[in-house]
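**Q**
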Amino acid sequence: MKRLIATCLTFSCLATAAFANKVYVSNEKGNTVTVLDSDNWEVLTEFPAGNRPRGITISPDGKLLYVCASDDDTVRVFDAESYEELYTLPSGPDPELFVLHPSGNPLYVANEDDNLVTVIDTESHTVRAGIPVGVEPEGMAISPDAKFVINTSETTNMAHFIDTSDYKIKHNILVDQRPRYAQYSHDGKILYVSAEIGGTVSIIDIAEDGTPTLSDKISFEVPGVQPEWLQPVGVRTTSDGKWIFVALGPSNRVAVIDGQSHEVVKYIMTGQRVWQLAFTPDEKFLITTNGNSNDVTIIDVEAQKAIKSVQVGQQPWGVVVAPD
Amino acid sequence: MRHVLPVLLVGICAAFASIAQAVEIRATVFRIDYPQLAPISRYDLNPEDLGFAGAQLANEDNQTTGNFMGQTWTLDTVATTPEESDGAFDSLMAEGASIIIMMARAEDLIRLADRAGDGALLINALARDTALRDGECRANLLHVAPSDAMMADAIAQFAMWKKWPRWFLIHGSNPADTALAEEYRRAAKKFGARIVEQREYEDTGGSRRTDTGHVLVQRQIPVFTQDARDHDLVIAADASDVFAPYLPFNLWTPRPVMGSSGLRPVTFHAAHEAWGATQFQRRFEELTNRRVREEDYQAWLALRVIGEAVTRTGEAAPGALRDYALSDAFELAAFKGQKVTFRQWNGQMRQPILLYDDRITMSVSPQEGYLHQRSPLDSLGLDMPESACTAFD
Numbered sequence: 028m029k030r031l032i033a034t035c036l037t038f039s040c041l042a043t044a045a046f047a048n049k050v051y052v053s054n055e056k057g058n059t060v061t062v063l064d065s066d067n068w069e070v071l072t073e074f075p076a077g078n079r080p081r082g083i084t085i086s087p088d089g090k091l092l093y094v095c096a097s098d099d100d101t102v103r104v105f106d107a108e109s110y111e112e113l114y115t116l117p118s119g120p121d122p123e124l125f126v127l128h129p130s131g132n133p134l135y136v137a138n139e140d141d142n143l144v145t146v147i148d149t150e151s152h153t154v155r156a157g158i159p160v161g162v163e164p165e166g167m168a169i170s171p172d173a174k175f176v177i178n179t180s181e182t183t184n185m186a187h188f189i190d191t192s193d194y195k196i197k198h199n200i201l202v203d204q205r206p207r208y209a210q211y212s213h214d215g216k217i218l219y220v221s222a223e224i225g226g227t228v229s230i231i232d233i234a235e236d237g238t239p240t241l242s243d244k245i246s247f248e249v250p251g252v253q254p255e256w257l258q259p260v261g262v263r264t265t266s267d268g269k270w271i272f273v274a275l276g277p278s279n280r281v282a283v284i285d286g287q288s289h290e291v292v293k294y295i296m297t298g299q300r301v302w303q304l305a306f307t308p309d310e311k312f313l314i315t316t317n318g319n320s321n322d323v324t325i326i327d328v329e330a331q332k333a334i335k336s337v338q339v340g341q342q343p344w345g346v347v348v349a350p351d
Numbered sequence: 096m097r098h099v100l101p102v103l104l105v106g107i108c109a110a111f112a113s114i115a116q117a118v119e120i121r122a123t124v125f126r127i128d129y130p131q132l133a134p135i136s137r138y139d140l141n142p143e144d145l146g147f148a149g150a151q152l153a154n155e156d157n158q159t160t161g162n163f164m165g166q167t168w169t170l171d172t173v174a175t176t177p178e179e180s181d182g183a184f185d186s187l188m189a190e191g192a193s194i195i196i197m198m199a200r201a202e203d204l205i206r207l208a209d210r211a212g213d214g215a216l217l218i219n220a221l222a223r224d225t226a227l228r229d230g231e232c233r234a235n236l237l238h239v240a241p242s243d244a245m246m247a248d249a250i251a252q253f254a255m256w257k258k259w260p261r262w263f264l265i266h267g268s269n270p271a272d273t274a275l276a277e278e279y280r281r282a283a284k285k286f287g288a289r290i291v292e293q294r295e296y297e298d299t300g301g302s303r304r305t306d307t308g309h310v311l312v313q314r315q316i317p318v319f320t321q322d323a324r325d326h327d328l329v330i331a332a333d334a335s336d337v338f339a340p341y342l343p344f345n346l347w348t349p350r351p352v353m354g355s356s357g358l359r360p361v362t363f364h365a366a367h368e369a370w371g372a373t374q375f376q377r378r379f380e381e382l383t384n385r386r387v388r389e390e391d392y393q394a395w396l397a398l399r400v401i402g403e404a405v406t407r408t409g410e411a412a413p414g415a416l417r418d419y420a421l422s423d424a425f426e427l428a429a430f431k432g433q434k435v436t437f438r439q440w441n442g443q444m445r446q447p448i449l450l451y452d453d454r455i456t457m458s459v460s461p462q463e464g465y466l467h468q469r470s471p472l473d474s475l476g477l478d479m480p481e482s483a484c485t486a487f488d
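Chain order of the listed sequences is P and U. To convert a position in the first sequence, counted from 1, into our numbering, add 27. To convert a position in the second sequence, counted from 1, into our numbering, add 95.
#1: Taking CB distances under 8 Å as the criterion, tell me whether R233 (chain U) reaches chain P.
#2: Can you tell me where the alpha helix (DSSP H) with T406 (chain U) in it begins and where it stops?
#3: Hey, A215 (chain U) and I195 (chain U): beta-carbon distance below 8 Å or not?
#4: What residues in its chain sit with their C-beta under 6 Å from that of E181 (chain P), if we drop five residues either side in the sequence?
#5: What is the DSSP secondary structure of H266 (chain U), reduced to helix, strand or coil?
#6: What's the C-alpha gap between Q374 (chain U) and D140 (chain P)?
#7: Closer than 8 Å between beta carbons: that is the criterion. Which residues of the stretch 189–200 of chain P meet it against chain U?
#8: Could you round the C-beta distance between I231 (chain P) and V220 (chain P) to whole angstroms and report it? I think they count as a contact, below 8 Å.
#9: Identify the contact partners of L427 (chain U) in chain P, using a Cβ-Cβ distance below 9 Å as the criterion.
#10: Taking Cβ positions, are V50 (chain P) and V346 (chain P) nearer each other than 8 Å?
#11: What are the residues that DSSP puts in a beta bridge with V337 (chain P)?
#12: Assign E278 (chain U) to buried or exposed, taking buried as 16 or more other Cβ atoms, counted over all protein chains shown, within 10 Å of its Cβ.
#13: At which residues does the beta strand (DSSP E) containing D243 (chain P) begin and terminate?
#14: Keeping to the same chain, check which residues put their C-beta closer than 8 Å to that of T72 (chain P); ignore five residues upstream and five downstream.
#15: Counting C-beta neighbours from all protein chains within 10 Å, is the total for M167 (chain P) 16 or more, i.e. buried, or is it exposed?
#16: In chain order, what residues of the same chain have a beta carbon less than 7 Å from the beta carbon of P308 (chain P), not counting five sequence neighbours either side?
#17: Quick check on L113 (chain P): buried or exposed, where buried means 16 or more other Cβ atoms within 10 Å of its Cβ?
#18: Against chain P, which members of the stretch 141–173 of chain U pass a CB distance test of less than 7 Å?
#19: State yes or no: is the C-beta of G402 (chain U) within less than 8 Å of the C-beta of V337 (chain U)?
#20: Spatial neighbours of V262 (chain P) within its chain, please: C-beta separation below 6 Å, excluding the five flanking residues on both sides.
#21: How is E108 (chain P) classed by DSSP in three states: helix, strand or coil?
#22: To the nearest angstrom, report how far apart A420 (chain U) and V400 (chain U) are at their CA atoms.
#23: Give a yes or no on whether the minimum CB-CB distance between Q303 (chain P) and chain U is below 8 Å.
#24: Nearest chain P C-beta to P270 (chain U) closer than 8 Å, yes or no?
#25: Would you kindly work out how many angstroms separate the C-alpha atoms of Q341 (chain P) and D322 (chain P), rounded to a whole number?
#26: In chain U, what lies closer than 9 Å to L181 (chain P) by C-beta?
#27: Going by the DSSP bridge assignment, what does F306 (chain P) pair with across the sheet?
#28: As a quick exercise: from P:A186, P:I217, P:V146, P:G215, pick the residue whose alpha carbon is nearest that of D203 (chain P).
#29: Can you name, in chain order, every residue of its own chain whose Cβ lies under 7 Å from the Cβ of H289 (chain P), other than the five neighbours on each side?
#30: Please confirm whether D140 (chain P) has its beta-carbon closer than 8 Å to some beta-carbon of chain U.
#31: Using a beta-carbon distance cut-off of less than 9 Å, what residues from the stretch 157–171 of chain P approach chain U?
#32: Which residues of chain U have a Cβ atom closer than 8 Å to the Cβ of M296 (chain P), listed in chain order?
#33: Does the stretch 465–482 of chain U come within contact of the stretch 371–386 of chain U, defined as at least 3 CB pairs closer than 8 Å?
#34: Give the secondary structure of V239 (chain U) by DSSP, where H, G and I count as helix, E and B as strand, and everything else as coil.
#35: Near S170 (chain P), which residues of its chain fall below 7 Å by C-beta distance, leaving aside the five closest residues on each side in sequence?
#36: Rounded to whole angstroms, what's the CA-CA distance from A211 (chain U) to A199 (chain U)? Just pull it up for me.
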C-alpha cells in the first residue's frame, strides 16, 4: 500500500509537473510552525513561532508568512523561505484568525477581547481601522471580489458583512451557536459559515448586489458518533464549486459535501480533533490539522480518501500552503 | 479608543434598527442576602456585586448583539433580606418586572414564584435543591443552576471512571448537609458505587477564625477518620462549610477527597479556559476588577438564555421566551464544549459540570461512556421518569 501511494504521488507529480509546495502548520501548544514538502509529505523543518501560534496565512507572492501568536498579542511575520522573523504587526490582544486581502494588503484580524475587527496595513504596519462587531469575533473571510470582509462573532452568533471600502457593516446574518469559520464559494455566490456548537454549516446566498440571504443549513450525522461531537470548524471549497470539505472537530472526521445539492456524501476519518484545512494550489490534496493526535492528515481530493498522516508539532491548529 | 466606541455603535444601531423590529427588554436580578457565618476560607467571602456582575456582563453581551437587532436591554438589580423579600418582590412586580433572575434559597424561591404567577418568567441562578426540579417544580421557574443531584452524579461518574467504587461518606449535621449526603447515596446506587462507611461531623458552632486553629484540626481529623472500612475515596457532604476543607491531608488513611472539598463539582471557575472561556474571563475581569464566581456565571447564563430567546424570536413577552427556551429549537453556547438546552419535563438546564481542584479544571462530567438515549448530559440529575414534576406537562 505504501509503495502504491508513493508511485501514485510520483506519477501525479510528473503528470502535472506540479511544484513542490511548502506546507506550513502552526502548532498551538508546541509554539512552532512545522514545514512540510507537498511533494513527498516529509517534514522539512520546525521553527519557533511565538506563543500559541494559531491562525496562519501567506502573502500572495509566497514570501511572507503571517502567524497569529495569540499569547503574545501580536501577529508575527516570517520570511517563508528562511523562517526568520521579520517583524510583528499590531493585532491587539489574543489574535486567533485573520484574512489577507487578495492583493496582500491589508490584513483583517478578529480581535476577540475587544469585539473588534482590526484592519492592519501590511506595508506601513499600522492599524487602519477598528470595526466594532458582535461578541467574540472569530472567523474571517473575504469575498472573491474583495468588496466584503466577513467576520463571525461566537457569542452574538452572527456573520457580519463589512464593506471594505468604508469599513461599515452593511449586513448581519444570524447563524447557529458559536460560528467558527466562514468561507466563500469561488464564484462568490455562496458564503458558508460553520457553527461549532450548533453543529451546522449555514448556507448564505449572495445576490448580485452583495445582499446575503440565509437559504439553508447543512447538518451532520454519523452512526455511532454522538451528535455533540460533530462540531464543524474549518471549511474549504473546491474552485469548481463541486465539493465542500468541513472539518468536524472532536468527531475526527472531515465531511465531504456536494457543492450543488449540499448533501453530505462522505465522512473521511482523520486524526483527532480535526480543526483547519488547506488545499494544495492544484487542489489535488487537502491537508487537515489534528490537534489531539499531533499530526496532519493528507486527503486525496479526487479519491476522497485519506492517504497519509504526518506527525508534526504539538497540537497542530492552522495550516497554509505556499502558492505556486 | 474606548470613547469612540459608543458613538460608532450608535451609528450601527441606527443603521440596522430598520432590519429588525425594535424590542425593549428589561430584566431584573433579585437577590436575597442571608445572614451568614464567616466562611472557613477568605476566598469564599461574598463580593457585594455577587451575581449582579455576571448579569451585567450578560446585559452588555446581549446589548452588543441587540445593537445589530434593534434591541434595547435594561438590567435592574435588587438586593434584599429574607424578611423584606416579599415586599421587595411585590414592588418589583408592581413596576411591571416580568423577567427575573432569582438568587434565593429554595423555600423563598417557591414562595416568590407562586407570588409572581403566570405572567412572569423566573430563572433560578442559585438554588441547587433537587426538590425544585422534582415535586416542588413551578411552571414559571426555569433553572440554570444545576441540581445537587447533577453535582453528585458528576462526581460519581468520575469516581467510577477512576474505578474507585468504595466510598467513605462524611457529612455534616445540618439539614442541608444530610440532604447533600442523601444525593451522594443516591448517586452511588445509580452508578454502582458502595458506601462502605458513613460518619457525621457534628456542627458544634463556635467561631470559624482562630489564630492557630490548624493545630487542633490537625489532631482532630485523623482521629475522627480512623478505623474506617477499606475505602477508595472520601466523599464530603458539607453544604454548611463546617469541616470539608480540613479533610484533605488530615485523613487517617490517605485517600482523595471529593464533593465539598478536594475535587469539587462546579458550574464555572475563574481559571477555566477551555472552549473559548478565556474571553469570558477577560471580559468579566475588565468589567468588575475581580475574578468570576459560580453565582456570576449562573446569572450570566440566565440572562444569556433570555438574550438568545429574544434574538431568535424577536419577542420580549415572558411566555414566548419561556416557550422558546423549552423548545427543541433552543440552544446556547456556554463555554462548556457543547450546547446547553433545557429539560422539557422540569425546566432544568442540561449542562456539563466542571470538576475543579481549586486551581484547574481537572475533568468535565458526563464522563466518557455514560450514554443516554437523548443526550449524555441527561445522565446527570433527574431523568424524565425519575422527576415527579408535572408543572411542565
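No residue lacks a Cβ here, since even glycine has one placed at the ideal position from N, Cα and C. Treat the numbers as computed from the prediction; the structure is a model and nothing was measured.
**A** With the structure as the only source:
#1: Counted from its first residue, the second sequence places residue 233 (chain U) at position 138. R233 (chain U) does not count as touching chain P.
#2: By 1-based counting over the second sequence, the position of residue 406 (chain U) is 311. DSSP places T406 (chain U) inside the alpha helix (DSSP H), whose first and last residues are 389–408.
#3: Within the second sequence, residue 215 (chain U) is the residue found at index 120, counting from 1. Within the second sequence, residue 195 (chain U) is the residue found at index 100, counting from 1. Taking 8 Å as the cut-off, the Cβ atoms of A215 (chain U) and I195 (chain U) count as close.
#4: Taking the first residue of the first sequence as position 1, residue 181 (chain P) is located at position 154. Residues E163, E165, R205 of the same chain have their beta carbon placed closer than 6 Å to that of E181 (chain P), with the five preceding and five following residues left out of the count.
#5: Position 171 of the second sequence, counted from the start, is the residue given in the question as residue 266 (chain U). Three-state DSSP puts H266 (chain U) in a strand.
#6: Within the second sequence, the letter at position 279 stands for residue 374 (chain U). Within the first sequence, the letter at position 113 stands for residue 140 (chain P). Cα-Cα distance, rounded: 6 Å.
#7: Taking 8 Å as the upper bound on Cβ-Cβ separation, chain U lies near residues K195, I196, N199 of the stretch 189–200 of chain P.
#8: Translated into the one-based positions of the first sequence, residue 231 (chain P) becomes position 204. Translated into the one-based positions of the first sequence, residue 220 (chain P) becomes position 193. 7 Å between Cβ atoms; contact.
#9: Here residue 427 (chain U) corresponds to residue number 332 of the second sequence, with the count starting at 1. Under the 9 Å cutoff, chain P gives Q204, I224.
#10: Within the first sequence, the letter at position 23 stands for residue 50 (chain P). Within the first sequence, the letter at position 319 stands for residue 346 (chain P). Closer than 8 Å, so yes.
#11: Position 310 of the first sequence holds residue 337 (chain P). Beta-bridge pairing by DSSP links V337 (chain P) to P:V323.
#12: Within the second sequence, the letter at position 183 stands for residue 278 (chain U). So E278 (chain U) counts as buried.
#13: Here residue 243 (chain P) refers to the residue found at position 216 when the first sequence is read from its first residue. Per DSSP, D243 (chain P) belongs to the beta strand (DSSP E) from 239–246.
#14: The count along the first sequence starts at 1 and reaches residue 72 (chain P) at position 45. Closer than 8 Å at the Cβ level, and outside the excluded window around T72 (chain P), lie T61, V62, Y110.
#15: For the purposes of this step, residue 167 (chain P) is taken as the residue at position 140 of the first sequence. Buried, since its Cβ has 16 or more Cβ neighbours within 10 Å.
#16: Along the first sequence, read from residue 1 onward, the residue named residue 308 (chain P) stands at position 281. Excluding positions up to five away in sequence, the list reads N48, V348, P350, D351.
#17: Taking the first sequence and counting its residues from 1, one reaches residue 113 (chain P) at position 86. Result: exposed.
#18: Taking 7 Å as the Cβ-Cβ cut-off, the stretch 141–173 of chain U approaches chain P at D156, T159, T160, F163, given in chain order.
#19: Here the question's residue 402 (chain U) lines up with position 307 in the second sequence. Here the question's residue 337 (chain U) lines up with position 242 in the second sequence. Taking 8 Å as the cut-off, the Cβ atoms of G402 (chain U) and V337 (chain U) do not count as close.
#20: By one-based count along the first sequence, residue 262 (chain P) stands at place 235. Here V262 (chain P) has Y208, Q210, Y219, S221, V273 as same chain residues with Cβ atoms under 6 Å from its own Cβ, once five neighbours each way along the sequence are excluded.
#21: The residue you call residue 108 (chain P) lines up with position 81 of the first sequence. The answer is coil: DSSP assigns E108 (chain P) none of H, G, I, E or B.
#22: As a first step, residue 420 (chain U) must be located in the second sequence, where it is residue number 325. As a first step, residue 400 (chain U) must be located in the second sequence, where it is residue number 305. Distance between the alpha carbons of A420 (chain U) and V400 (chain U): 7 Å.
#23: The residue labelled residue 303 (chain P) in the question sits at position 276 within the first sequence. Taking a beta-carbon distance threshold of 8 Å, Q303 (chain P) does not count as an interface residue toward chain U.
#24: For the purposes of this step, residue 270 (chain U) is identified with residue 175 of the second sequence, where counting begins at 1. No, its Cβ sits nowhere closer than 8 Å to a Cβ of chain P.
#25: As a first step, residue 341 (chain P) must be located in the first sequence, where it is residue number 314. As a first step, residue 322 (chain P) must be located in the first sequence, where it is residue number 295. Going by the C-alpha atoms only, they are around 8 Å apart.
#26: Residue 181 (chain P) sits at position 154 when you count from the first residue of the first sequence. Looking at the sequence itself, residue 181 (chain P) is Glu, so the reference to Leu does not match. Below the 9 Å Cβ cutoff, chain U contributes G371, Q374, A428 as neighbours of E181 (chain P), in chain order.
#27: As a first step, residue 306 (chain P) must be located in the first sequence, where it is residue number 279. Beta-bridge pairing links F306 (chain P) to P:L313.
#28: Counting from one through the first sequence, the residue named residue 203 (chain P) turns up at place 176. Comparing alpha carbon positions, the residue from P:A186, P:I217, P:V146, P:G215 closest to D203 (chain P) is P:A186.
#29: Here residue 289 (chain P) is taken as the residue at index 262 of the first sequence, counted from 1. Within its own chain, the residues whose Cβ lies closer than 7 Å to the Cβ of H289 (chain P), once the five positions on either side in sequence are excluded, are I230, D243, I245, listed in chain order.
#30: The residue you call residue 140 (chain P) lines up with position 113 of the first sequence. Cβ-Cβ to chain U under 8 Å: yes for D140 (chain P).
#31: Flagged, chain order: G157, I158, P159, V160, G161, V162, E163, E165.
#32: For this step, residue 296 (chain P) is matched to residue 269 along the first sequence. Residues of chain U passing the Cβ test: none, with the nearest at roughly 19 Å.
#33: Contact fails: fewer than three Cβ-Cβ distances are below 8 Å.
#34: Taking the first residue of the second sequence as position 1, residue 239 (chain U) is located at position 144. In this structure, V239 (chain U) counts as coil in the three-state DSSP scheme.
#35: One-based indexing of the first sequence puts residue 170 (chain P) at position 143. Excluding sequence neighbours, S170 (chain P) sits near Y211, G215.
#36: On the second sequence, position 116 is the one that residue 211 (chain U) refers to. On the second sequence, position 104 is the one that residue 199 (chain U) refers to. Rounded to the nearest angstrom, the two C-alpha atoms are 14 Å apart.
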